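Below is one structure, written out as structure tokens, with a few remarks after it.
Residue numbers (my numbering), protein chains in the order written: chain A, 1 to 388; chain B, 389 to 776.
Put into structure tokens, the structure is as follows:
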């Protein structure tokens, strides 16, 4: 362990508020007993308000990828035509899961760093079908791009009204504006270690009534990730398999903290830290990966300049306690990413910028002390509406 | 929550030692960073000593049922002939997972409460085949029976030498004698919330070289539970999907505690608490479910007498802080179970017996104060070798 307190700036697991951390140390309870039922029911009711849904929300003990698998295998059958709208590594993963279970997947990929275009989705939907499902990523963690899900879902509803809309909202839901019901989304997956400020181990899945209709006839093989089994158990205040109880203790506390802050304030804070990171990195001379129109407010990716020795640079960042993430998939070794979701404050970002400045100056790069911090601060103040 | 400290006597999640609990409150680290690799490598090395194996051991973020699914889908193909030796609800579940993914499953079931008989396994193996795998349960949590795995594996090796032996050791491994390599077991699954004294959320799977050979050609659909993906990631000190980091923090501490106690002492302690529970319950007039020759030392099941109102009885037990488990599958409502694995001491059992005595006396049943406690103590002392 680093002997300095870390500024954990990866896009999940995020750092945990003290009260959340401490709830992870509680003693176990009977997961088939009344205390657990109260806990789970309370968590589900709270999750629904953040999902903005009246649909069922189920808790699956797994990483987000397990949640995505549950979204595929619970509602689809081998041979089903699926349009996978992908803008990066996680969109590709969602498509790969569907293919692994025998779906007939058509991939609609965008250039990495770009969002999906509603017109192209329209075109792709019209060119094929009949579609059983459309897969989309709300916030593509690998490229730091947020998709216009509302517009994409609208197109899907128009062109393929019978298709289920399955959304990977793992790294954005709870941090940036999202509407499950108003946008007509059938299955929406998230994960505990992202905006929810909780340790990893739980995935959440919202399921619409028409998705349940599909579940009744879905033929993909499944057992652990069978959401119908989860639904039946949830009605009795339980889970079908032993749940990650300690992570649920943390989640209950984190949801209370989120309620105290309120969702509009959470969204505003993420808009501010996102703007701050982008302004600071740009001032430091980094080229950002994401199309500015669709830049994510939960994670930012920047190209590693050819003349910067990444290992040396990252080693120094680590020495100062700043932990960032590398690139994924095709971007491995080419970019680095700064996570800014969940338990993140503007001072966390200013600290990150100060460390980046310090490190670049130590490496003899042309950086003026304080400039990235200042740029971040100005951008954050503007995003918060404090200044114009 | 009950305002008295609970005596959590269910067969998992078990109560956690304080040092283990507290590790669940640690701050997050980068699961793709060097600190995590050190943690995971240390955990895996320690797990291997308790598994008594030099095979790979992999960590899957899921309940034990997810570990069972990984054992099926990673090594088998649809149509493979599988003999499922089942002695209860969890053996049935293992068989059901194999069937769900298209294996050609032959079930060899025993009367509930009995162990599997090597001679019958011999017969069943000879009557069919060629067998790709044999499924067995080390410790059947639903019936409180421990199978003679060594003898069953020996028969399988003799009659079906090419068959992989897949063992559900979720609720016994780490508590009662078990030898992965000496018994020639190919795939062995356990779960964090059992003998390991850790919160639920992790499953462990040991994999033999010949199982890896099978994995290379296995055709069942899979993604999250693909153990080959876990193997590749583990070689880089990672997991393929974000792991339950906080549960791993707990596991590292729990394994250190287990090392301090030593495996022979852990086995002896479980033999003593098992004997104590059986003696106490028998003295109280309960009829035990399990064949005494194969009674489990991690969980005990007792029939609920027809003239005992279970809800009233259990409500009083809860009031005194004693949390027991009900029956599962076909035994639901017919038995109750007392868990005694992991973080369990002889005084925990004497407390449970005192509460049972007290409650039965309050319900006007013919129980003499102190008799069950005394019988438990005598049995424990004998099992420990203190008395004869």
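Heads up, the beta-carbon is just placed ideally off N, CA and C, and yes, glycines get one too.
Note that the coordinates shown come from a computational prediction; the quantities given were computed from them, not determined experimentally.
- Residue-level contact check: residue 22 of chain A touches chain B, since one or more beta carbons of chain B fall below 8 Å from its beta carbon.
- Nearest neighbour of residue 167 of chain A by Cα position, chosen from A/176, A/174, A/175, A/180, turns out to be A/180.
- Between the stretch 241–261 of chain A and the stretch 272–289 of chain A, the count of Cβ pairs shorter than 8 Å is below three; the stretches do not touch.
- Residue 689 of chain B has B/725 as its beta-bridge partners, per DSSP.
- The straight-line gap separating the alpha-carbon atoms of residue 49 of chain A and residue 14 of chain A is approximately 22 Å.
- Within the stretch 199–219 of chain A, those residues whose Cβ lies closer than 7 Å to any Cβ of chain B are, in chain order, 199, 200, 201.
- For residue 245 of chain A, at least one C-beta of chain B is nearer than 8 Å to its own C-beta.
- For residue 533 of chain B against residue 503 of chain B, the beta-carbon gap comes to about 5 Å, under 8 Å, which counts as contact.
- Straight-line measurement puts the Cα of residue 99 of chain A at about 25 Å from the Cα of residue 57 of chain A.
- In the structure shown, residue 28 of chain A falls within a coil segment according to DSSP collapsed to helix, strand and coil.
- In the structure shown, residue 190 of chain A falls within a strand segment according to DSSP collapsed to helix, strand and coil.
- Between residue 599 of chain B and residue 571 of chain B, the CB-CB gap reaches or exceeds 8 Å.
- The beta carbon of residue 404 of chain B sits closer than 8 Å to some beta carbon of chain A.
- Residue 309 of chain A is classed as exposed because its beta carbon has fewer than 16 other beta carbons within 10 Å across all chains shown.
- If you keep only unbroken alpha helix (DSSP H) runs of at least 4 residues inside the stretch 156–244 of chain A, you get 209–215, 227–235.
- In the DSSP assignment, no residue is bridged to residue 443 of chain B.
- Look at the beta carbons and you see the stretch 450–469 of chain B touching the stretch 57–74 of chain A: at least three pairs across the two are nearer than 8 Å.
- Counting along the chain, no beta strand (DSSP E) covers residue 367 of chain A, and no H or E run does either.
- When secondary structure is reduced to three states using DSSP, residue 253 of chain A falls in the helix class.
- Cα atoms of residue 538 of chain B and residue 699 of chain B: separation of roughly 40 Å, rounded to the nearest angstrom.
- Closest option to residue 687 of chain B, judged by alpha-carbon separation, among B/694, B/677, B/693: B/677.
- Counting other Cβ atoms within 10 Å of its Cβ, residue 377 of chain A reaches 16 or more and is therefore classed as buried.
- The C-beta of residue 33 of chain A comes closer than 8 Å to at least one C-beta of chain B.
- Boundaries of the alpha helix (DSSP H) harbouring residue 509 of chain B: 506–515, taken from the DSSP string.
- A direct Cα-Cα distance of roughly 50 Å separates residue 155 of chain A from residue 715 of chain B.
- Within a 10 Å sphere around the beta-carbon of residue 528 of chain B sit 16 or more other beta-carbons, which makes this residue buried.
- The three-state reading of DSSP puts residue 480 of chain B in helix, counting H, G and I together.
- Contact of residue 609 of chain B with chain A is assigned, a C-beta pair being separated by under 8 Å.
- At least one C-beta of chain B is nearer than 8 Å to the C-beta of residue 325 of chain A.
- In terms of Cβ geometry, residue 238 of chain A and residue 93 of chain A do not form a close pair [threshold 8 Å].
- Distance from the CA atom of residue 395 of chain B to the CA atom of residue 761 of chain B, rounded to whole angstroms, is 15 Å.
- Using a Cβ-Cβ cut-off of 8 Å, residue 721 of chain B does not count as an interface residue toward chain A, since no Cβ of chain A sits closer than that to its own.
- The alpha carbon of residue 352 of chain A has as its nearest neighbour, out of A/304, A/279, A/119, A/236, the alpha carbon of A/279.
- Annotated three-state conformation of residue 712 of chain B is coil, per DSSP.
- Contact between residue 20 of chain A and residue 198 of chain A holds: their C-beta atoms lie close to 6 Å from each other, under 8 Å.
- The Cβ atoms of residue 575 of chain B and residue 459 of chain B lie closer than 8 Å to each other.
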